[in-house]
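K.L.:
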Amino acid sequence: MLATGVHNVSLVYALVWAIDSFYGRATSTPLAVVQFATSRQSRGHHNDLIDATLSKSSASGMIQFLLEDDQVEETENMKELPPPSGITGRPLAIWFVDSLRAYIRLEMYLIQVGSPYKRNGYFVLVYTGVEDEPMESIKIMFRRLLNMYVLNLVVFLPRNGTVQLYTYYPYGPHRCQSSLPVFYTAFQHLPPPSSGFGLTKPLFPSKLANMHGCEMVVATFEHRPYVILDDDKNVPGGRVLHGIEGMISRALAERMNFTIKLVERKDKNRGEILPDGNYSGILKMMVDGEVNLTFVCYMYSKARADLMLPTVSYTSFSIVLTIPSGGSITPMQRLIRPFRHIIWYCILASLASGILVIASLSVMTVPCLRNLVLGRRNHLPCTGMLYSLLGGTVMHNPRRNFARFLLMLWLLQTLILRAAYTGQLYLLLQDVELRAPLTKLSQVLEKGYVFHMLPALKGIFKDSLETTETKVVFNLEASLRRLRDEDDPGIAVPLLQPTVYQFDYRSGPNRRHLTLLPVPLMTAPLTMYMRPHSYFKPRIDRLLMAMMSSGIVARYRRLYVDRIERLAKRRNLEPKPLTPWRLGGIFFSCAVLQFLASLIFLLEMMARSRPRLHRALSAINNYVA
Numbered sequence: 164m165l166a167t168g169v170h171n172v173s174l175v176y177a178l179v180w181a182i183d184s185f186y187g188r189a190t191s192t193p194l195a196v197v198q199f200a201t202s203r204q205s206r207g208h209h210n211d212l213i214d215a216t217l218s219k220s221s222a223s224g225m226i227q228f229l230l231e232d233d234q235v236e237e238t239e240n241m242k243e244l245p246p247p248s249g250i251t252g253r254p255l256a257i258w259f260v261d262s263l264r265a266y267i268r269l270e271m272y273l274i275q276v277g278s279p280y281k282r283n284g285y286f287v288l289v290y291t292g293v294e295d296e297p298m299e300s301i302k303i304m305f306r307r308l309l310n311m312y313v314l315n316l317v318v319f320l321p322r323n324g325t326v327q328l329y330t331y332y333p334y335g336p337h338r339c340q341s342s343l344p345v346f347y348t349a350f351q352h353l354p355p356p357s358s359g360f361g362l363t364k365p366l367f368p369s370k371l372a373n374m375h376g377c378e379m380v381v382a383t384f385e386h387r388p389y390v391i392l393d394d395d396k397n398v399p400g401g402r403v404l405h406g407i408e409g410m411i412s413r414a415l416a417e418r419m420n421f422t423i424k425l426v427e428r429k430d431k432n433r434g435e436i437l438p439d440g441n442y443s444g445i446l447k448m449m450v451d452g453e454v455n456l457t458f459v460c461y462m463y464s465k466a467r468a469d470l471m472l473p474t475v476s477y478t479s480f481s482i483v484l485t486i487p488s489g490g491s492i493t494p495m496q497r498l499i500r501p502f503r504h505i506i507w508y509c510i511l512a513s514l515a516s517g518i519l520v521i522a523s524l525s526v527m528t529v530p531c532l533r534n535l536v537l538g539r540r541n542h543l544p545c546t547g548m549l550y551s552l553l554g555g556t557v558m559h560n561p562r563r564n565f566a567r568f569l570l571m572l573w574l575l576q577t578l579i580l581r582a583a584y585t586g587q588l589y590l591l592l593q594d595v596e597l598r599a600p601l602t603k604l605s606q607v608l609e610k611g612y613v614f615h616m617l618p619a620l621k622g623i624f625k626d627s628l629e630t631t632e633t634k635v636v637f638n639l640e641a642s643l644r645r646l647r648d649e650d651d652p653g654i655a656v657p658l659l660q661p662t663v664y665q666f667d668y669r670s671g672p673n674r675r676h677l678t679l680l681p682v683p684l685m686t687a688p689l690t691m692y693m694r695p696h697s698y699f700k701p702r703i704d705r706l707l708m709a710m711m712s713s714g715i716v717a718r719y720r721r722l723y724v725d726r727i728e729r730l731a732k733r734r735n736l737e738p739k740p741l742t743p744w745r746l747g748g749i750f751f752s753c754a755v756l757q758f759l760a761s762l763i764f765l766l767e768m769m770a771r772s773r774p775r776l777h778r779a780l781s782a783i784n785n786y787v788a
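The sequence shown begins at 164 in the numbering used here and counts up one residue at a time.
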């Protein structure tokens, strides 16, 4: 039973159906119920309707309700205001309005600083005006709602014992940005198998499935491989989009059937908040409502999301740190560089194990065991092991299978090691630009380098690099050139991995490439940004999720990133004349060996007149060599 003061029974049942069929099933977000009345009589009528509706729908426990009055909230005492972009807030509400003047109060409630509503949500406006021609008022409301980006709204209008639903379609054949009221449907008694009072259509119609070729203004600039702008006389504006984000935007345009009106930012300024509180670049264009969408390798940041509405992240890339390449490596480093330290340790461990086994067998009194392992008449096993390691022939061929097996294992190991070492050594001796860069972030911080970074990264690194000097730049091209051409410019640049590939690709195989820390710093999600409270967000988010699920975004990544990654790593390593400096390591090693040979020669000469020294050298020759 309804309350005795309620006379419009159909309106109550229409609201109950909307709550049970849509709001109670679509989300767990609380439903706000607010009334805006201009007279005491209207306020009482709204209260009766709200009481009757809640008494019928709250018994199911499907949704939580928030009841509010029509007073504009005082925001001075609020601890933290919702961001003006509309990224947070209440997306569901039922508003009761009795006149156009009451709607103006509702509009003030929506556009006030710190408004708790997301204007791209789903709203029902119950109009209880008593004028003879309410459509004139509804027409004005829809025009103002469209300007505020409130799209998903239906008006419940009681007429002739039923409730009619009106809305507007901004995009249609031969019309764009239209706010004319359109009769959508009306509540009625449903035929079997359904029963009761309800609708045969969804409560909120789809309005962005087909934009009928209407324009969407997009602000961007060329930033390969994310956005590539090519000239094409066959398209409006003479510019066509390619690249990862360019192809994604074209797929969105094809799916939603809109025309891209490209606004190319020549100064390549994404925008920032100026000290006087104003904005610059694309950010200013977005806040002022000049463009609808922007994309140009935007990393998600809270500062941007507070002013522009972000989409879901459709891909992510690693943030790497480009550092100075350092000076050329020394000749001795070129001799050691072909193998990592762990390989050198393994080689030394193998030699030490062999020498230990040979020494143990030499002092044992069981000659048959020595003959089994080393072979008969093998009086110089250590010399033979070192000789074969350096590529010489085997001086004593074993006659037993076990010794032959050990020899084959050793020869196979030394063959692979010599081939790998000589091949890498050849490349290192030919590469004039080979450097010895830093390998850890702690080493970079100890050097006191100045970090050049984009504005979006400043907030990310502010807490982790408190003692490091940072400089915000809007274009990293000059900084990257300094890192490529100078040995130690005193700067470091964090940026996305594909940007490094693109820069090295443009530098070509004959010039230096950028030097990176071996381990990436973090992973950054990429997103697009829209106008505050943009009604395009739900539709674009769903399409981006579908494109990620179907592998379309991954295909665009492979198409534009894998190719430049492969070409960027290509180096022109044609043979170049070897200089004495690059061969200095070999000369130094030969000089050390020559010194040792001269020292041993002198000891041998001295041993002729000194019996103790002669016995010591003889023991070394017998048991070590």
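Even glycine gets a Cβ: it sits at the ideal position worked out from N, Cα and C.
Measure the C-alpha to C-alpha separation of HIS337 and CYS377 and round it to an integer number of angstroms.
P.N.:
To locate residue 337, count along the sequence shown from 1; it is residue 174. To locate residue 377, count along the sequence shown from 1; it is residue 214. Those two C-alpha atoms are separated by around 9 angstroms.
K.L.:
With DSSP as the reference, please indicate the residues paired to PRO688 in a beta bridge.
P.N.:
To locate residue 688, count along the sequence shown from 1; it is residue 525. Answer is SER479, bridged to PRO688.
K.L.:
Mark CYS460 as exposed unless 16 or more other C-beta atoms lie within 10 angstroms of its C-beta, in which case mark it buried.
P.N.:
Locating residue 460 in the sequence shown gives position 297, where the first residue counts as 1. Looking at its Cβ environment, which holds 16 or more other Cβ atoms inside 10 Å, CYS460 is buried.
K.L.:
With distance defined between alpha-carbon atoms, name the residue in MET419, MET708 and LEU446 nearest to TYR334.
P.N.:
The residue labelled residue 334 in the question sits at position 171 within the sequence shown. The option with the nearest alpha carbon to TYR334 is MET419.
K.L.:
Under 8 angstroms by Cβ, that's how I've got TYR332 and VAL317 pegged, so tell me the actual separation to the nearest angstrom.
P.N.:
Position 169 of the sequence shown holds residue 332. Position 154 of the sequence shown holds residue 317. So it is not a contact: roughly 12 angstroms between Cβ atoms.
K.L.:
Around the C-beta of THR686, are 16 or more other C-beta atoms found within 10 angstroms, so that it is buried, or is it exposed?
P.N.:
Taking the first residue of the sequence shown as 1, we reach residue 686 at position 523. Looking at its Cβ environment, which holds fewer than 16 other Cβ atoms inside 10 Å, THR686 is exposed.
K.L.:
Assign GLY361 to one of two classes, buried (16 or more other C-beta atoms within 10 Å of its C-beta) or exposed (fewer than that).
P.N.:
Locating residue 361 in the sequence shown gives position 198, counting from the first residue. Classification for GLY361: buried.
K.L.:
Which residues bound the alpha helix (DSSP H) around ASP648?
P.N.:
Counting from one through the sequence shown, the residue named residue 648 turns up at place 485. Looking at the DSSP string, the run of the alpha helix (DSSP H) that includes ASP648 is 640-648.
K.L.:
Could you check what DSSP says for VAL235 in three-state terms: helix, strand or coil?
P.N.:
Numbered from 1 along the sequence shown, position 72 holds the residue referred to as residue 235. In this prediction, VAL235 has a pLDDT of 44, which is less than 50 and means its spatial position is unreliable; what the coordinates show is noted afterwards. Here VAL235 sits in coil by DSSP.
K.L.:
Count the other CB atoms, across all protein chains shown, that sit within 10 Å of the CB of GLY434; report buried if there are 16 or more and exposed otherwise.
P.N.:
Here residue 434 refers to the residue found at position 271 when the sequence shown is read from its first residue. Classification of GLY434: buried, given that the 10 Å Cβ count is 16 or more.
K.L.:
Taking the DSSP output, what are the residues bridged to LEU255?
P.N.:
Here residue 255 refers to the residue found at position 92 when the sequence shown is read from its first residue. Note: LEU255 sits in a beta bridge opposite TYR285.
K.L.:
Can you name, in chain order, every residue of its own chain whose Cβ lies under 8 angstroms from the Cβ of ASN323, other than the five neighbours on each side?
P.N.:
For this step, residue 323 is matched to residue 160 along the sequence shown. For ASN323, where only same-chain residues beyond five positions count, there are no Cβ hits under 8 angstroms.
K.L.:
Between the beta-carbon of LEU273 and the beta-carbon of TYR266, is there less than 8 angstroms?
P.N.:
Translated into positions along the sequence shown, residue 273 becomes position 110. Translated into positions along the sequence shown, residue 266 becomes position 103. It is not a contact, given that the beta carbons lie outside the stated cut-off.
K.L.:
Using 8 angstroms as the threshold, is the C-beta distance between ARG428 and ILE445 below it?
P.N.:
As a first step, residue 428 must be located in the sequence shown, where it is residue number 265. As a first step, residue 445 must be located in the sequence shown, where it is residue number 282. Yes, Cβ-Cβ distance for ARG428 and ILE445 is below 8 angstroms.
K.L.:
Specify the secondary structure class of LEU736 as computed by DSSP and reduced to three states.
P.N.:
By one-based count along the sequence shown, residue 736 stands at place 573. With a pLDDT of 48 at LEU736, under the threshold of 50, the predicted position of this residue should be treated as unreliable, and no value is reported.
K.L.:
Taking the beta carbon of SER781 as the centre, do at least 16 other beta carbons fall within 10 Å, making it buried, or is it exposed?
P.N.:
Here residue 781 refers to the residue found at position 618 when the sequence shown is read from its first residue. Under this definition SER781 is an exposed residue.
K.L.:
Pick helix, strand or coil for GLY444, following the three-state DSSP scheme.
P.N.:
Taking the sequence shown and counting its residues from 1, one reaches residue 444 at position 281. In this structure, GLY444 counts as helix in the three-state DSSP scheme.
K.L.:
Please say whether ALA641 and PHE614 have beta carbons closer to each other than 8 angstroms?
P.N.:
For the purposes of this step, residue 614 is taken as the residue at position 451 of the sequence shown. For the purposes of this step, residue 641 is taken as the residue at position 478 of the sequence shown. Not closer than 8 angstroms, so no.
K.L.:
According to DSSP, is ILE499 part of a helix, a strand, or is it coil?
P.N.:
Along the sequence shown, read from residue 1 onward, the residue named residue 499 stands at position 336. The answer is helix: DSSP assigns ILE499 an H, G or I state.
K.L.:
Does the distance from the CB of PHE259 to the CB of VAL293 come in under 8 angstroms?
P.N.:
Counting from one through the sequence shown, the residue named residue 259 turns up at place 96. Counting from one through the sequence shown, the residue named residue 293 turns up at place 130. Not closer than 8 angstroms, so no.
K.L.:
Just verifying my parser: in three-state terms, what is the DSSP assignment at ARG539?
P.N.:
For the purposes of this step, residue 539 is taken as the residue at position 376 of the sequence shown. Note: ARG539 maps to coil in three-state DSSP.
K.L.:
Cβ atoms of MET298 and PRO245: under 8 angstroms apart, would you say?
P.N.:
Along the sequence shown, one-based indexing puts residue 245 at 82. Along the sequence shown, one-based indexing puts residue 298 at 135. No, the pair does not count as a contact, with Cβ atoms beyond the cut-off.
K.L.:
Relative to the C-alpha of ARG702, which candidate in ARG721, ARG644 and MET374 has its C-alpha closest?
P.N.:
Taking the sequence shown and counting its residues from 1, the one referred to as residue 702 is at position 539. With distances taken between Cα atoms, ARG702 lies closest to MET374.
K.L.:
Where does ASP183 sit, in a helix, a strand or coil, going by DSSP?
P.N.:
Taking the first residue of the sequence shown as 1, we reach residue 183 at position 20. Residue state, collapsed to three classes: helix.
K.L.:
Could you tell me the distance, in whole angstroms, from the CA atom of SER173 to the CA atom of VAL326?
P.N.:
For this step, residue 173 is matched to residue 10 along the sequence shown. For this step, residue 326 is matched to residue 163 along the sequence shown. So the alpha carbons of these two residues sit roughly 7 angstroms apart.
K.L.:
Would you list the residues sitting across from LYS634 in a DSSP beta bridge?
P.N.:
One-based indexing of the sequence shown puts residue 634 at position 471. Bridge partners of LYS634: HIS615.
K.L.:
Do you know offhand how far MET616's Cα is from VAL636's?
P.N.:
Residue mapping note: residue 616 aligns to position 453 of the sequence shown, counting from 1. Residue mapping note: residue 636 aligns to position 473 of the sequence shown, counting from 1. Approximately 6 angstroms between the Cα atoms of the pair.
K.L.:
In its own chain, which residues sit with a C-beta less than 8 angstroms from the C-beta of VAL536, not counting the 5 before and 5 after it?
P.N.:
Here the question's residue 536 lines up with position 373 in the sequence shown. Taken in chain order, the residues that qualify are VAL520, LEU524, PHE565, ALA566 and LEU569.
K.L.:
In whole angstroms, what is the alpha-carbon distance linking LEU580 and MET548?
P.N.:
Here residue 580 corresponds to residue number 417 of the sequence shown, with the count starting at 1. Here residue 548 corresponds to residue number 385 of the sequence shown, with the count starting at 1. Whole-angstrom Cα-Cα distance: 14 angstroms.
K.L.:
Report the rounded CA-to-CA distance for LEU470 versus THR485, giving the unit in angstroms.
P.N.:
As a first step, residue 470 is located in the sequence shown; it is residue number 307 there, counting from the start. As a first step, residue 485 is located in the sequence shown; it is residue number 322 there, counting from the start. Approximately 30 angstroms between the Cα atoms of the pair.
K.L.:
Would you tell me roughly how many angstroms separate the C-alpha atoms of MET710 and MET410, rounded to the nearest one?
P.N.:
Position 547 of the sequence shown, counted from the start, is the residue given in the question as residue 710. Position 247 of the sequence shown, counted from the start, is the residue given in the question as residue 410. When rounded, the distance between both Cα atoms is 11 angstroms.
K.L.:
Please return the same chain residues whose Cβ sits closer than 8 angstroms to the Cβ of THR474, not counting the five positions on each side in sequence.
P.N.:
As a first step, residue 474 is located in the sequence shown; it is residue number 311 there, counting from the start. Counting only Cβ-Cβ distances below 8 angstroms, and skipping sequence neighbours, we find THR690, MET691, TYR692, MET693, LYS700, ILE703, ASP704 and LEU707.
K.L.:
So for HIS504, helix, strand or coil by DSSP?
P.N.:
Against the sequence shown, residue 504 aligns to sequence position 341. Three-state DSSP puts HIS504 in a helix.
K.L.:
So what's ILE250 in DSSP terms, helix, strand or just coil?
P.N.:
Translated into the one-based positions of the sequence shown, residue 250 becomes position 87. Three-state DSSP puts ILE250 in coil, outside helix and strand.
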